[in-house]
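Read the structure below first, then the notes.
Number of protein chains: 4
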Amino acid sequence: MDDVQVQWIEKVTLKDPILIEGLPGVGNVGKLAADYLREKLGAKPLATFYSKFLPPQVYVSEEGLIRLVSNDLSYRKAIGPGGRDLLILGGDYQGMSPEGQYELTERVLNVCAGLGAKEVYTLAGFAQGHVVEKPRVLGAATSAARVEAMKRFGVVFSRNDPGGGLIGASGLFLGLGRLFGMEGVCLMGETSGYFVDPRSAEAVLKVLTQALGLTVDFSDLEAKAKEIDRIAQRIHDSEPKAAEGPAPPREDLGYIG
Amino acid sequence: MDDVQVQWIEKVTLKDPILIEGLPGVGNVGKLAADYLREKLGAKPLATFYSKFLPPQVYVSEEGLIRLVSNDLSYRKAIGPGGRDLLILGGDYQGMSPEGQYELTERVLNVCAGLGAKEVYTLAGFAQGHVVEKPRVLGAATSAARVEAMKRFGVVFSRNDPGGGLIGASGLFLGLGRLFGMEGVCLMGETSGYFVDPRSAEAVLKVLTQALGLTVDFSDLEAKAKEIDRIAQRIHDSEPKAAEGPAPPREDLGYIG
Amino acid sequence: MDDVQVQWIEKVTLKDPILIEGLPGVGNVGKLAADYLREKLGAKPLATFYSKFLPPQVYVSEEGLIRLVSNDLSYRKAIGPGGRDLLILGGDYQGMSPEGQYELTERVLNVCAGLGAKEVYTLAGFAQGHVVEKPRVLGAATSAARVEAMKRFGVVFSRNDPGGGLIGASGLFLGLGRLFGMEGVCLMGETSGYFVDPRSAEAVLKVLTQALGLTVDFSDLEAKAKEIDRIAQRIHDSEPKAAEGPAPPREDLGYIG
Amino acid sequence: MDDVQVQWIEKVTLKDPILIEGLPGVGNVGKLAADYLREKLGAKPLATFYSKFLPPQVYVSEEGLIRLVSNDLSYRKAIGPGGRDLLILGGDYQGMSPEGQYELTERVLNVCAGLGAKEVYTLAGFAQGHVVEKPRVLGAATSAARVEAMKRFGVVFSRNDPGGGLIGASGLFLGLGRLFGMEGVCLMGETSGYFVDPRSAEAVLKVLTQALGLTVDFSDLEAKAKEIDRIAQRIHDSEPKAAEGPAPPREDLGYIG
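Keeping their order, the protein sequence lines are chains A, B, C and D.
If you count the first sequence from 1, position 71 lands on 677 in this note's numbering, and the numbers rise without skipping.
If you count the second sequence from 1, position 212 lands on 818 in this note's numbering, and the numbers rise without skipping.
If you count the third sequence from 1, position 228 lands on 834 in this note's numbering, and the numbers rise without skipping.
If you count the fourth sequence from 1, position 243 lands on 849 in this note's numbering, and the numbers rise without skipping.
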């Protein structure tokens, strides 16, 4: 068996597509954002990546049907004259080991380079260790020009965050992407790190859709954010006050995404 | 050395065989069931799988003879006009790492596909974290038609179980099996998760034998179940009452099989 | 780099050589025995095995010279008419992971099969968890004939020991050896498991040398055993009596060799 | 993707170059020394090694630009008649696993052998577990002649240090280097093991530059050492006296480099 196995669902020809990556990670921000975008844009399944670097696991649907865990590539053709074709990568897991991270990322990039992608946006969460009322979007990029371009959409390039760099798929897609001649940007929504965070995902998507000239309705994501707020409030109310200790150290939370 | 090494014991031609998998796992239900079936049907050894993904271990028999740990494939030719040829996979261990799980499962499926298998039943235990008097058989399948077919034999397809999906060989044989064009069903016998459970294995085998139109005498398995009952009772009696704490969390038990 | 890299020191032609394996393990019994035999028989270095499955480590001699950790094969030509050529495998470590154990063992066996070896003796310790005054030698073998042959030299084939089988090189050399058509015996000297145990190594070597018709002077090994006795006694004397708790559970000690 | 991927920045022809290795480790002595030498000699980037044996991580600069973690080879042509061409290897990490250590080291050595290197100096720290006022430089080498040569520069070849040998890149470059026909020396600066230690790096570099006939200005390194002294003093002053326990056991500190 190949270490990473690609199952093609459709054959398409894309014109200069942009790759958008959002896999599970801190606050599930990247995955929430990529999945939401895929749904709202009506992106179509293009290829499935199975791999021994993912857990040996199947999910079972409510109907009792199994599905092997995977990473999944969808596409969406451009709408209108200024539009760009898109590739969206989502999935159940990131690679389970350092080697797995490299192997999976390299394979996805290889496939996307073959489809003509020269540009990549990676979506992630950035854990602050405390509740974030209005999540900012932090950035990192492969060139100074892209840094400047992203600042125009309100992205924050902070001298201190992320201090130790980015660990995981969102950084690796940029780092390995350069070996494929791809330029790119990582957008990290601030989040507490304790809950899945649709509000942070929305902040990230607002930047991304502006940058790509897309229009997306965020009401479903906002509804989900309010639901999480309610759950968080309920847990907070049920906790004895004395138990409120200091936040866990930021180092454990901030940099995986 | 090949990562997985196949030693053929015999060369056979099978007609549309069904693969039945039962490896060690929760309550050892799958292994108990597969081993019992192999014995009662008089299945013959066909191939042995050695692998570096299994522990570096030999067993020593009472006579002092060593045997390297392995997975083992047996076969049994159909009896009667409506019967089907069978392949039964048992073994000492599942693969020791995620990669090992994938590699071993892929290799066994590859061999079985070469023998003509297009259908697979995987047998496993499902830990409930408490004693189960009358174990139900939970199911998961690769198609809606198979879900319906199994319901007729009393298999329960629950909205909530198994919640997080299946981790291990029994799920992977179905998930990877589809990449080989195989359809299949996973049968999970409820069990406490604390003991090896011949009664749960019997429940699983009753469904399987009905589905396959086989007749098997379960008296030896029932005798074994009664023996385990006696051991469990003795342990229970010897425990001080105060020590009876709450059951361990189900998440640690339910999904590996 | 090859996963296992063989450096030949000499080219020899051997006649039906017997492979003797003794790597570090419980009580270091196997390594002590193999190293002692190599020295006393004046065996000559034949090949060195370097591998990424060994630690990334060099030893530094008292003179300041480095040496990369390895497994090492020596040979010794037969002396006299009834004698047999010998291959002796020692080394600094066993493979560091299950995969490493398989890969290293397979490679050594491959080399030895190429040199004509069809027979293998593996030497190991068997931890009893308590002080053993007169260590017995426990056995395991690949055939009933060898079991019987070894019983004649006092080797004990116990119904209960080793219960869970053998984990590590000494078992694997027999298990994988069979795939190379080799027959063999594992000789396990009883030991406490707390100290390196030259006395147990001597017990093992006494059986082995009898079986092979060799004469070896054990006085140096006995001197070393007495030295260890003195160290053990001193530690024992310095311990407060109350601290003498029960022996650790045997399962943790008995089966790695 | 190759396990280790080499990106060439320039093509050069070198004459009998000497390889100098300094990767992160104890007290960061090796990396500090190699980086300082590279800067002061104006060495030029030659090749970058990316690898799945390094963490899946990118660093983000203050300007927001990402850089994938790597090992990096620089070169510097000889100056003057007696000078030698140099290759300097630095990097963000050593390989993350034993296998990774072997694979990365082997690949770098392979590249350097291709460039004509037959000689290697590895730079490292040696943790003493206590503050070292005047760090000595300990040594290990591949030949007695090199041991003698290094003694002339004040390098200490101690009977007891390093006791258990060297674990990590600095040892492995010598050990594997010999398989490439390279001779070499490891220079280990004594250090506490608790801080990054520019003073120890300076001690190492003083030996190295003498041995290579180079002249390097150490004032920047000394300034850095004084800065670390101030930080250490401040931490020491702020600690309650009672908290000064015994030093941690040396075994945990001394041998990785």
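C-beta atoms are modelled at their ideal positions from N, C-alpha and C, and glycine is treated no differently.
Query raised in the report: If you run the structure through DSSP and keep just helix, strand and coil, what is Phe655 of chain C?
Result: One-based indexing of the third sequence puts residue 655 of chain C at position 49. Strand at Phe655 of chain C.
Query raised in the report: Three-state secondary structure (DSSP) at Glu712 of chain C?
Result: For this step, residue 712 of chain C is matched to residue 106 along the third sequence. Shown here, Glu712 of chain C sits in a helix according to DSSP, grouped into three states.
Query raised in the report: Listing by chain order, which chain C residues have their CB less than 9 Å from the CB of Ile672 of chain B?
Result: Taking the second sequence and counting its residues from 1, the one referred to as residue 672 of chain B is at position 66. Those are Ala746, Ala747, Thr748, Gly771, Leu772, Gly777, Leu780, Gly781, Arg784, Gly790 and Cys792, listed as they occur along chain C.
Query raised in the report: Residues in the region 699-715 of chain D with C-beta within 7 Å of chain C's C-beta atoms, listed in sequence order?
Result: Along the region 699-715 of chain D, going in chain order, the ones with a CB nearer than 7 Å to a CB of chain C are Pro704, Glu705, Gln707, Tyr708, Glu709 and Glu712.
Report task. Compare the Cα-Cα distances from Lys740 of chain C to each of C:Pro804, C:Arg682 and C:Arg673 and report the closest residue. Result -> If you number the third sequence from 1, residue 740 of chain C lands on position 134. A check of alpha carbon separations from Lys740 of chain C across C:Pro804, C:Arg682 and C:Arg673 identifies C:Pro804 as the nearest.
Query raised in the report: What whole-angstrom Cβ distance do Glu691 of chain B and Leu620 of chain B have, given they're in contact under 8 Å?
Result: Counted from its first residue, the second sequence places residue 691 of chain B at position 85. Counted from its first residue, the second sequence places residue 620 of chain B at position 14. The sequence given here has Asp at residue 691 of chain B, not Glu. Between Leu620 of chain B and Asp691 of chain B the Cβ distance is about 4 Å, and since that is below 8 Å, they are a contact.
Query - Within 9 Å, strictly: CB atoms of Phe759 of chain B and Val822 of chain B - result: Counting from 1 along the second sequence, the entry for residue 759 of chain B is found at position 153. Counting from 1 along the second sequence, the entry for residue 822 of chain B is found at position 216. No, the Cβ-Cβ distance between Phe759 of chain B and Val822 of chain B is not below 9 Å.
Query raised in the report: Alpha carbon to alpha carbon, what distance is there between Ala751 of chain D and Ser667 of chain C?
Result: Here the question's residue 667 of chain C lines up with position 61 in the third sequence. Here the question's residue 751 of chain D lines up with position 145 in the fourth sequence. Near 15 Å, if we compare the C-alpha coordinates of Ala751 of chain D and Ser667 of chain C.
Requested in this report: Flag Ser844 of chain B as yes if its beta-carbon sits less than 9 Å from any beta-carbon of chain C, otherwise no.
Outcome: Position 238 of the second sequence holds residue 844 of chain B. Taking Cβ atoms only, chain C never reaches closer than 9 Å to Ser844 of chain B, which makes this a no.
**Report entry** Option in B:Leu793, B:Tyr699 and B:Glu845 with minimal Cα separation from Gly745 of chain B
**Finding:** Along the second sequence, one-based indexing puts residue 745 of chain B at 139. Ranking B:Leu793, B:Tyr699 and B:Glu845 by Cα distance to Gly745 of chain B puts B:Leu793 first.
Requested in this report: Given a cut-off of 9 Å, decide if Phe763 of chain A and Gly670 of chain D are closer than it, judged by their beta-carbon atoms.
Outcome: Locating residue 670 of chain D in the fourth sequence gives position 64, where the first residue counts as 1. Locating residue 763 of chain A in the first sequence gives position 157, where the first residue counts as 1. Yes, these two residues count as a Cβ contact at 9 Å.
Query - Own chain residues within Cβ distance below 8 Å of Ser776 of chain D, not counting five before or after - result: For this step, residue 776 of chain D is matched to residue 170 along the fourth sequence. The answer, listed in chain order, is Glu627, Leu629, Gly631, Gly636, Thr728, Leu729, Ala730, Cys792, Met794 and Gly863.
Query raised in the report: Does Phe659 of chain B have its Cβ less than 9 Å from a Cβ in chain C?
Result: Taking the second sequence and counting its residues from 1, the one referred to as residue 659 of chain B is at position 53. Closer than 9 Å to some Cβ of chain C, the Cβ of Phe659 of chain B qualifies, so yes.
Report task. For Asp609 of chain A, verify whether its CB is less than 8 Å away from any heavy atom of the ligand NAP. Result -> Here there are no bound small molecules, and the ligand NAP is not part of this structure.
**Report entry** Any chain B beta carbon closer than 9 Å to Phe655 of chain C
**Finding:** Counting from one through the third sequence, the residue named residue 655 of chain C turns up at place 49. Residue-level contact check: Phe655 of chain C does not touch chain B, since none of the beta carbons of chain B fall below 9 Å from its beta carbon.
Report task. List the residues of chain C whose Cβ lies closer than 8 Å to the Cβ of Phe763 of chain D, in chain order. Result -> To locate residue 763 of chain D, count along the fourth sequence from 1; it is residue 157. The answer, in chain order, is Glu669 and Gly670.
Report task. Can you grab the Cα-Cα spacing for the pair Met702 of chain A / Thr711 of chain A, in whole Å? Result -> As a first step, residue 702 of chain A is located in the first sequence; it is residue number 96 there, counting from the start. As a first step, residue 711 of chain A is located in the first sequence; it is residue number 105 there, counting from the start. About 12 Å.
Requested in this report: Tell me, to the nearest whole angstrom, how far the beta carbon of Asp622 of chain A is from that of Gly722 of chain A; I am working on the premise that it is less than 8 Å.
Outcome: As a first step, residue 622 of chain A must be located in the first sequence, where it is residue number 16. As a first step, residue 722 of chain A must be located in the first sequence, where it is residue number 116. Between the beta-carbon of Asp622 of chain A and that of Gly722 of chain A there is about 6 Å, and that keeps the pair under the 8 Å contact cut.
Query raised in the report: Residues in its own chain within less than 7 Å of Glu808 of chain D by CB, not counting five upstream and five downstream?
Result: For the purposes of this step, residue 808 of chain D is taken as the residue at position 202 of the fourth sequence. Only residues of its own chain outside the window of five on either side were considered, and among them Phe824, Leu827, Glu828 and Ala831 have a CB closer than 7 Å to the CB of Glu808 of chain D, listed in chain order.
Query raised in the report: Is the beta carbon of Thr815 of chain D less than 9 Å from the beta carbon of Leu643 of chain D?
Result: Taking the first residue of the fourth sequence as position 1, residue 815 of chain D is located at position 209. Taking the first residue of the fourth sequence as position 1, residue 643 of chain D is located at position 37. Against a cut-off of 9 Å, the Cβ pair of Leu643 of chain D and Thr815 of chain D comes out as a contact.
Query - Host beta strand (DSSP E) of Phe732 of chain B (start-end) - result: On the second sequence, residue 732 of chain B is found 126 positions in, with the first residue counted as 1. Where Phe732 of chain B is concerned, the enclosing beta strand (DSSP E) stretches over Glu725 to Ala733.
Report task. Can you have a look at Asp843 of chain D and say buried or exposed, based on whether 16 or more other CB atoms are within 10 angstroms of its CB? Result -> In the fourth sequence, the residue the question calls residue 843 of chain D occupies position 237. So Asp843 of chain D counts as exposed.
Report task. With DSSP collapsed to three states, give me the class of Arg690 of chain A. Result -> In the first sequence, counting from the first residue as 1, residue 690 of chain A sits at position 84. The answer is coil: DSSP assigns Arg690 of chain A none of H, G, I, E or B.
Query raised in the report: What are the start and end residues of the alpha helix (DSSP H) that includes Ala746 of chain B?
Result: As a working mapping, residue 746 of chain B is identified with position 140 in the second sequence. Annotation for Ala746 of chain B: no alpha helix (DSSP H) segment contains it, though the beta strand (DSSP E) segment containing it runs Val743 to Ala747.
Query - From C:Lys646, C:Ile615, C:Tyr708 and C:Lys650, residue whose alpha carbon lies closest to that of Leu660 of chain C - result: The residue given as residue 660 of chain C occupies position 54 in the third sequence. Ranking the options by Cα distance to Leu660 of chain C, first place goes to C:Tyr708.
Query raised in the report: For chain C, is any of its Cβ atoms less than 9 Å away from the one on Val753 of chain D?
Result: Residue mapping note: residue 753 of chain D aligns to position 147 of the fourth sequence, counting from 1. Yes - at least one Cβ of chain C is within 9 Å of the one on Val753 of chain D.
Requested in this report: Compare the beta carbon distance of Val738 of chain A and Glu796 of chain A with 9 Å and say whether it is the shorter of the two.
Outcome: Looking up residue 738 of chain A in the first sequence gives position 132. Looking up residue 796 of chain A in the first sequence gives position 190. Contact flag set, yes.
Requested in this report: Return helix, strand or coil for Gln700 of chain B, following the three-state DSSP convention.
Outcome: Walking along the second sequence from the start, residue 700 of chain B turns up at place 94. It is coil, neither helix nor strand.
Query raised in the report: By how many angstroms is the C-alpha of Leu811 of chain D removed from the C-alpha of Ala733 of chain D?
Result: For this step, residue 733 of chain D is matched to residue 127 along the fourth sequence. For this step, residue 811 of chain D is matched to residue 205 along the fourth sequence. Rounded to whole angstroms, Ala733 of chain D and Leu811 of chain D show a C-alpha spacing of 17 Å.
**Report entry** C-beta contact flag for Gly774 of chain B and Pro662 of chain A at 9 Å
**Finding:** Here residue 774 of chain B refers to the residue found at position 168 of the second sequence. Here residue 662 of chain A refers to the residue found at position 56 of the first sequence. Closer than 9 Å, so yes.
Query - Separation of Ser680 of chain C from Tyr665 of chain A, as counted between CA atoms - result: The residue labelled residue 665 of chain A in the question sits at position 59 within the first sequence. The residue labelled residue 680 of chain C in the question sits at position 74 within the third sequence. C-alpha separation (whole angstroms): 53 Å.
**Report entry** C-alpha gap between Ile841 of chain A and Arg765 of chain B, whole angstroms
**Finding:** Start at 1 with the first residue of the first sequence, and residue 841 of chain A comes out as number 235. Start at 1 with the first residue of the second sequence, and residue 765 of chain B comes out as number 159. Going by the C-alpha atoms only, they are around 26 Å apart.
Query raised in the report: Nearest chain A C-beta to Val717 of chain D closer than 9 Å, yes or no?
Result: Your numbering for residue 717 of chain D matches position 111 in the fourth sequence. At a cut-off of 9 Å between beta carbons, Val717 of chain D makes no contact with chain A.
Requested in this report: Given a cut-off of 9 Å, decide if Leu782 of chain D and Leu693 of chain D are closer than it, judged by their beta-carbon atoms.
Outcome: Numbered from its first residue, the fourth sequence carries residue 693 of chain D at position 87. Numbered from its first residue, the fourth sequence carries residue 782 of chain D at position 176. Cβ distance not < 9 Å, so Leu693 of chain D and Leu782 of chain D don't count as in contact.
Requested in this report: Give, in chain order, every unbroken run of the alpha helix (DSSP H) that is at least 4 residues long and sits entirely within the region 801-837 of chain A.
Outcome: List check, alpha helix (DSSP H) in window: 804-818.
Query - Separation of Lys658 of chain D from Gly563 of chain A, as counted between CA atoms - result: Outside the modelled stretch of chain A, which goes from 607 to 863, sits residue 563 of chain A, for which no answer is possible.
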